[in-house]
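Number of protein chains: 2
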Amino acid sequence: MVQVRVEIRLKKGVTDPEGDNVHKALGLLGFKGVQGVRSSKLFLIDLQTKDARAARKEVEDMCRRLLANPVIHEYAIAIEK
Amino acid sequence: MVQVRVEIRLKKGVTDPEGDNVHKALGLLGFKGVQGVRSSKLFLIDLQTKDARAARKEVEDMCRRLLANPVIHEYAIAIEK
Numbered sequence: 001m002v003q004v005r006v007e008i009r010l011k012k013g014v015t016d017p018e019g020d021n022v023h024k025a026l027g028l029l030g031f032k033g034v035q036g037v038r039s040s041k042l043f044l045i046d047l048q049t050k051d052a053r054a055a056r057k058e059v060e061d062m063c064r065r066l067l068a069n070p071v072i073h074e075y076a077i078a079i080e081k
Numbered sequence: 082m083v084q085v086r087v088e089i090r091l092k093k094g095v096t097d098p099e100g101d102n103v104h105k106a107l108g109l110l111g112f113k114g115v116q117g118v119r120s121s122k123l124f125l126i127d128l129q130t131k132d133a134r135a136a137r138k139e140v141e142d143m144c145r146r147l148l149a150n151p152v153i154h155e156y157a158i159a160i161e162k
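Those protein sequence lines, which keep their order, are chains X and C. Heads up: the first sequence begins at 1 in our numbering, then just goes up one per residue. Heads up: the second sequence begins at 82 in our numbering, then just goes up one per residue.
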């Protein structure tokens, strides 16, 4: 089994309302040194294969077809084990 | 400036509806080898400090007070740069 870690980030320049609100809330809670917060999604996907290269290719396909929106997202794939 | 990466995961045993739905959707799209999907949140926080140890402590405090729900979440903090 291969475990793949997929990070789905907003592209630079895309507004991140969740990150902005967390930033604001941290300020209200008294955390004054926060300069910025960006939020992103992480998926851990267990694949029934032993071929790390095939796993990466398959997960790239998953990102294109389901997990990421190419207009606003970029993604990073890492093979965990 | 220190950039801190915070991963907010669901604890083991906590139902992950988003992960389960992604798993189901991947199956419907023809990805047959998926054994499981877990979803989690990631925050990149820029802090106005140069002290990595102080930054970690501050972000732990943020997790306890805002970012994570201790009933269902666990978190991992990593100093990026």
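Virtual Cβ for every residue (Gly too), placed ideally from N, Cα, C.
(request) Starting from C:L128, find everything on chain X with Cβ-Cβ shorter than 8 Å and list it in chain order. (result) For this step, residue 128 of chain C is matched to residue 47 along the second sequence. The answer, in chain order, is G33, V34, Q35.
(request) Can you tell me which of the three DSSP states X:K41 falls into? (result) Position 41 of the first sequence holds residue 41 of chain X. If DSSP states are grouped into helix, strand and coil, X:K41 belongs with the strands.
(request) Could you check the C-alpha separation between C:K138 and C:L109 for me, to the nearest Å? (result) Walking along the second sequence from the start, residue 138 of chain C turns up at place 57. Walking along the second sequence from the start, residue 109 of chain C turns up at place 28. About 44 Å.
(request) Under 8 Å between beta-carbons, which chain C residues line up against X:L10? List them in chain order, please. (result) Taking the first residue of the first sequence as position 1, residue 10 of chain X is located at position 10. Taking a Cβ-Cβ cut-off of 8 Å, X:L10 has no neighbours in chain C, whose nearest Cβ is about 11 Å from it.
(message) Helix, strand or coil, according to DSSP, for X:A68 in the structure here?
(response) Along the first sequence, one-based indexing puts residue 68 of chain X at 68. X:A68 falls in the coil class under three-state DSSP.
(request) Output the distance between the C-alpha atoms of C:N150 and X:V22, rounded to the nearest integer angstrom. (result) Along the second sequence, one-based indexing puts residue 150 of chain C at 69. Along the first sequence, one-based indexing puts residue 22 of chain X at 22. Taking the straight line from one Cα to the other gives about 14 Å.
(message) Using only the alpha-carbon positions, how far apart do X:K11 and C:F124 sit?
(response) As a first step, residue 11 of chain X must be located in the first sequence, where it is residue number 11. As a first step, residue 124 of chain C must be located in the second sequence, where it is residue number 43. X:K11 and C:F124: Cα-Cα distance of roughly 14 Å.
(message) Alpha carbons only, please: which of C:D142, C:T96, C:V95, C:K113 is nearest the one belonging to X:A55?
(response) Here residue 55 of chain X is taken as the residue at index 55 of the first sequence, counted from 1. Residue C:K113 is the option with its Cα nearest to X:A55.
(request) Using DSSP bridges, identify the partner residues of C:V85. (result) For the purposes of this step, residue 85 of chain C is identified with residue 4 of the second sequence, where counting begins at 1. According to DSSP, C:V85 bridges with C:I126, C:I160.
(message) I'd like to know whether the C-beta atoms of X:M1 and C:Q129 end up nearer to each other than 8 Å.
(response) Taking the first residue of the first sequence as 1, we reach residue 1 of chain X at position 1. Taking the first residue of the second sequence as 1, we reach residue 129 of chain C at position 48. No; because the gap between Cβ atoms is not below 8 Å, this pair is not in contact.
(request) Could you please give me the residues that DSSP links to C:L91 through a beta bridge? (result) Looking up residue 91 of chain C in the second sequence gives position 10. As a beta-bridge residue in DSSP terms, C:L91 pairs with C:H154.
(request) Have a look at C:A157 and C:I126 and give me their C-alpha separation to the nearest angstrom. (result) Residue mapping note: residue 157 of chain C aligns to position 76 of the second sequence, counting from 1. Residue mapping note: residue 126 of chain C aligns to position 45 of the second sequence, counting from 1. Taking the straight line from one Cα to the other gives about 13 Å.
(message) At the level of alpha carbons, what is the spacing between C:R86 and C:E141?
(response) Locating residue 86 of chain C in the second sequence gives position 5, where the first residue counts as 1. Locating residue 141 of chain C in the second sequence gives position 60, where the first residue counts as 1. Distance between the alpha carbons of C:R86 and C:E141 is about 11 Å.
(message) Give me the chain C residues within the contact set of X:K81, using Cβ-Cβ distance strictly less than 8 Å, ordered along the chain.
(response) Here residue 81 of chain X corresponds to residue number 81 of the first sequence, with the count starting at 1. What X:K81 touches in chain C: nothing, since even the nearest Cβ is about 13 Å away.
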